[in-house]
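Peer 1: Dropping a structure here in structure tokens format, bear with me for questions.
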Amino acid sequence: PHPPDTPCCAKIILQEQNMSISDLPPYTKLSLETQERFLKLPQKGMYQAEYVWIGGKGELRCKTKTLTSPPKSVAELPIWNFDGSSTEQAPGSDSEVLLKPCAMYNDPFRPYGDNYLVLCSCYKPDPDGPQGLGSAIPTNTREACEAIMDKVKAKEPWFGIEQEYTLFEPDMKTPYGWPKGGFPDRPQGPYYCSVGTENAYGRAVCEAHYKCCMFAGINISGINGEVMPGQWEYQVGPCTGIESPDQLIMSRYLLIRVCEQFGIVVSFDPKPIPGDWNGAGCHTNVSTNDMRAPGGYDVIVKAMERLGAPGKQDEHIKAYDISGGEDNKRRLTGAHETAPITQFSWGVANRGCSVRIPRMTEKEKCGYFEDRRPASNMDPYVVTGKIMETCVLPDC
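Residue 68 in UniProt numbering is what sits at position 68 of the sequence shown, and the numbering runs on without skipping anything.
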């Protein structure tokens with residue numbers, strides 16, 4: 001149980017940024033100021049579980065269930081359901097979709113009791129199936145990913161995923177900190193890993209999200225300002241196998257909820273602003289026990305050969321954003337630290353390649369590689385599964 005005087009994450013960040021609730025927009029002020037009183041009320045032996053799942057268009061959805069006892073593991077959480085016709089995941093004539101709990105985290109938005117965030121995958125109902133579960137619905141990409149991760153489990157795959165995102169005003173047109181209908185008075189250059197009001201737009205959101213991830217139990221390993229003003233990045237990992245995409249999805253949920261409290265919008269669009277501005281990626285760092293072992297550089301080179309095999313570039317590009325490669329066409333142009341979308345390339349310390357090999361990996365002859373092609377809106381189950389399928393599964 002958390003101490004009764006534990007402040008909510010948003011309030012902590014307001015204090016750290018020397019801000020008061022009155023500094024925030026009215027719709028945000030209501031959310032924080034009024035809600036804080038009620039968050040402290042005792043729950044009298046009841047617990048809240050926020051079920052989170054991926055909707056029909058790749059968006060995140062959630063609903064809350066009351067529990068009468070704290071779950072000791074995710075296996076103790078009940079199967080639940082929702083109206084799939086309202087999320088474009090089922091027809092109205094047969095609308096029920098089942099939610100299977102897959103991972104459980106602490107809830108930073110309800111910090112005064114033992115409350116939980118529950119990551120779920122979606123299934124059709126089947127009275128004769130285990131726990132009443134039928135087959136996975138089409139948007140459930142987790143099941144296929146988990147099957148691949150089970151096959152490569154002996155290789156102990158680690159992933160570190162760099163999630164870039166862009167903050168927007170509530171109009172969803174103006175990047176946070178930009179003049180409405182215009183552009184910053186300086187081009188890209190001073191904003192990457194920057195400090196100062198004139199450079200870093202929205203740090204309070206980034207810091208609040210950082211603390212929320214830590215509280216929840218997400219293995220967040222860092223944050224930084226990105227090249228385009230109003231754009232930020234955080235890293236999740238290293239995580240093993242299916243834990244990596246699970247944690248990334250929940251970290252996105254936390255970010256969206258934090259932005260909700262601050263009254264701004266987060267975009268995962270890979271190229272939110274056209275022109276001479278950096279896009280947003282989800283660079284995916286990958287290693288196996290063979291790659292991390294002495295002499296593992298040869299295994300990494302073999303993986304590069306497999307990624308560059310005929311037809312593989314197109315196959316991976318189609319898997320690396322939620323639009324079958326269409327979104328990445330705007331981002332992977334050969335400019336702004338990207339490689340052309342039609343060509344596969346790899347190189348040491350080269351951020352203009354499809355895949356970058358870190359300088360230290362080459363020096364030590366073991367380590368990891370970074371696939372720079374995945375877009376910021378990519379499905380991490382599809383991406384991590386596809387990389388394992390191409391690079392590791394043939395050896396299992």
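Yeah, the Cβ is synthetic: ideal placement off N, Cα and C, and Gly gets one too.
Could you check what DSSP says for P204 in three-state terms: helix, strand or coil?
Peer 2: Locating residue 204 in the sequence shown gives position 204, counting from the first residue. Residue identity check: residue 204 is Ala in the sequence provided, not Pro. In this structure, A204 counts as helix in the three-state DSSP scheme.
Peer 1: Let me know the secondary structure DSSP gives P3 once reduced to three states.
Peer 2: Within the sequence shown, residue 3 is the residue found at index 3, counting from 1. For P3, the predicted structure reports a pLDDT of 42, less than 50, and the residue's modelled location is therefore unreliable. A value from the coordinates is still provided. Here P3 sits in coil by DSSP.
Peer 1: What residues in its chain sit with their C-beta under 7 Å from that of L119, if we drop five residues either side in the sequence?
Peer 2: The residue you call residue 119 lines up with position 119 of the sequence shown. Excluding residues within five positions, the ones whose Cβ falls inside 7 Å are V52, C102, A103, D246, I249 and M250.
Peer 1: Can you pull the DSSP bridge partners for R356?
Peer 2: To locate residue 356, count along the sequence shown from 1; it is residue 356. DSSP, once it has assigned bridges, lists G347 and E370 as partnering R356.
Peer 1: Could you tell me whether the Cβ atoms of N106 and A216 are closer together than 8 Å?
Peer 2: Within the sequence shown, numbered from 1, the residue matching residue 106 stands at position 106. Within the sequence shown, numbered from 1, the residue matching residue 216 stands at position 216. Their beta carbons are under 8 Å apart, which means N106 touches A216 by this criterion.
Peer 1: Rounded to whole angstroms, what's the CA-CA distance from G279 to E164? Just pull it up for me.
Peer 2: Locating residue 279 in the sequence shown gives position 279, where the first residue counts as 1. Locating residue 164 in the sequence shown gives position 164, where the first residue counts as 1. Using only the alpha carbons, I get a separation of about 9 Å.
Peer 1: Flag this pair as yes or no: are the beta carbons of Y210 and N199 separated by less than 8 Å?
Peer 2: If you number the sequence shown from 1, residue 210 lands on position 210. If you number the sequence shown from 1, residue 199 lands on position 199. No, these two residues do not count as a Cβ contact at 8 Å.
Peer 1: When DSSP labels each residue in this structure, what does C8 get in the three-state scheme?
Peer 2: Counting from one through the sequence shown, the residue named residue 8 turns up at place 8. Here the model assigns C8 a pLDDT of 49, short of 50, so the residue's position is not dependable, and the following value carries that caveat. If DSSP states are grouped into helix, strand and coil, C8 belongs with coil.
Peer 1: Report the residue ranges of all alpha helix (DSSP H) runs contained in full by the stretch 188 to 235; include only those spanning at least 4 residues, in chain order.
Peer 2: Runs found: 203 to 216.
Peer 1: Taking K124 as the reference, which of R356, N289, L99 and P157 has the closest Cα?
Peer 2: Position 124 of the sequence shown, counted from the first residue, corresponds to residue 124. Of R356, N289, L99 and P157, the residue nearest in Cα terms is L99.
Peer 1: Go to V65, then tell me how far its beta strand (DSSP E) extends in each direction, as first and last residue.
Peer 2: As a working mapping, residue 65 is identified with position 65 in the sequence shown. Inspection of the sequence shows that residue 65 is occupied by Lys rather than by Val. Element bounds for K65: L60 to L67.
Peer 1: To the nearest angstrom, how far is it from the Cα of D94 to the Cα of I317?
Peer 2: Translated into the one-based positions of the sequence shown, residue 94 becomes position 94. Translated into the one-based positions of the sequence shown, residue 317 becomes position 317. Between D94 and I317, the C-alpha separation is close to 34 Å.
Peer 1: Touching or not, the stretch 295 to 306 and the stretch 378 to 396, by the rule of three or more beta carbon pairs under 8 Å?
Peer 2: Taking 8 Å as the limit for Cβ pairs, the verdict is that the stretch 378 to 396 does touch the stretch 295 to 306.
Peer 1: Give the range of the beta strand (DSSP E) segment to which D94 is assigned.
Peer 2: For the purposes of this step, residue 94 is taken as residue 94 along the sequence shown, with counting starting at 1. Careful: D94 lies outside any beta strand (DSSP E) and carries neither H nor E.
Peer 1: What is the rounded straight-line gap between the Cα of K153 and the Cα of W232?
Peer 2: Position 153 of the sequence shown holds residue 153. Position 232 of the sequence shown holds residue 232. Looking at the two C-alpha atoms, the distance is approximately 32 Å.
Peer 1: Under 8 Å, do G58 and D379 count as touching if we go by C-beta distance?
Peer 2: Translated into positions along the sequence shown, residue 58 becomes position 58. Translated into positions along the sequence shown, residue 379 becomes position 379. Yes, these two residues count as a Cβ contact at 8 Å.
Peer 1: State the Cα-Cα distance for the pair V382 and I220, rounded to the nearest angstrom.
Peer 2: For the purposes of this step, residue 382 is taken as residue 382 along the sequence shown, with counting starting at 1. For the purposes of this step, residue 220 is taken as residue 220 along the sequence shown, with counting starting at 1. The straight-line gap from Cα to Cα measures roughly 21 Å.
Peer 1: Thinking just about the alpha-carbon of each residue, which of K72, L77, L60 and S73 is nearest to the one in T66?
Peer 2: Residue numbering aside, residue 66 sits at position 66 when the sequence shown is read from its first letter. T66 has its Cα closest to that of L77, out of K72, L77, L60 and S73.
Peer 1: So, do the stretch 370 to 378 and the stretch 263 to 272 have three or more beta carbon pairs nearer to each other than 8 Å?
Peer 2: Short answer: they touch.
Peer 1: Which residues bound the alpha helix (DSSP H) around I148?
Peer 2: Walking along the sequence shown from the start, residue 148 turns up at place 148. I148 -> alpha helix (DSSP H) spans R142 to K151.
Peer 1: Tell me A103's beta-bridge partners as DSSP assigns them.
Peer 2: The residue given as residue 103 occupies position 103 in the sequence shown. Looking at the DSSP assignment, A103 forms a beta bridge with L119.
Peer 1: Using DSSP's beta-bridge definition, name the partner residues of L393.
Peer 2: If you number the sequence shown from 1, residue 393 lands on position 393. In DSSP, L393 forms no bridge with anything.
Peer 1: State the CB to CB distance for the pair Y176 and G202, rounded to an integer number of angstroms; the pair is presumed to be in contact (CB under 8 Å).
Peer 2: Here residue 176 is taken as the residue at index 176 of the sequence shown, counted from 1. Here residue 202 is taken as the residue at index 202 of the sequence shown, counted from 1. That pair is a contact at about 5 Å.
Peer 1: Applying the 10 Å Cβ sphere with the 16-neighbour rule, what's the burial state of residue 481?
Peer 2: The structure shown does not extend to residue 481, since the chain is modelled only from 1 to 396, so the question has no answer here.
Peer 1: Restricting to Cα atoms, I'd like to know which of G334, S121 and A90 is closest to E143.
Peer 2: As a working mapping, residue 143 is identified with position 143 in the sequence shown. Ranking G334, S121 and A90 by Cα distance to E143 puts S121 first.
Peer 1: Name the two residues that bound the continuous beta strand (DSSP E) containing D83.
Peer 2: Here residue 83 corresponds to residue number 83 of the sequence shown, with the count starting at 1. Looking at the DSSP string, the run of the beta strand (DSSP E) that includes D83 is W80 to D83.
Peer 1: Between T288, C366 and D185, which lies nearest to M149 when the distance is taken from Cα to Cα?
Peer 2: Position 149 of the sequence shown holds residue 149. The option with the nearest alpha carbon to M149 is T288.
Peer 1: For R356 versus G367, is the C-beta distance shorter than 8 Å?
Peer 2: To locate residue 356, count along the sequence shown from 1; it is residue 356. To locate residue 367, count along the sequence shown from 1; it is residue 367. No. Outside cutoff.
Peer 1: Please tell me whether I137 and V97 are closer than 8 Å, where the distance is taken between their beta carbons.
Peer 2: Taking the first residue of the sequence shown as 1, we reach residue 137 at position 137. Taking the first residue of the sequence shown as 1, we reach residue 97 at position 97. Yes, the pair counts as a contact, with Cβ atoms nearer than the cut-off.
Peer 1: Within the continuous beta strand (DSSP E) that includes Y165, where are the two ends?
Peer 2: On the sequence shown, residue 165 is found 165 positions in, with the first residue counted as 1. It spans W158 to F168 - the beta strand (DSSP E) in which Y165 sits, taken as one unbroken run.
Peer 1: Measuring only the C-alpha atoms, how far is G113 from Q43?
Peer 2: The sequence position of residue 113 within the sequence shown is 113, counting from 1. The sequence position of residue 43 within the sequence shown is 43, counting from 1. Each residue's alpha carbon lies about 7 Å from the other.
Peer 1: By how many angstroms is the C-alpha of A303 removed from the C-alpha of Q261?
Peer 2: Taking the sequence shown and counting its residues from 1, the one referred to as residue 261 is at position 261. Taking the sequence shown and counting its residues from 1, the one referred to as residue 303 is at position 303. About 43 Å.
Peer 1: If you follow the beta strand (DSSP E) that L133 is in, where does it begin and where does it stop?
Peer 2: Position 133 of the sequence shown, counted from the start, is the residue given in the question as residue 133. Taken as a continuous stretch (DSSP letters only), the beta strand (DSSP E) holding L133 covers L133 to A136.
Peer 1: Is the beta carbon of C212 closer than 8 Å to that of L254?
Peer 2: What you label residue 254 is simply residue 254 of the sequence shown in a count that begins at 1. What you label residue 212 is simply residue 212 of the sequence shown in a count that begins at 1. Yes, the Cβ-Cβ distance between L254 and C212 is below 8 Å.
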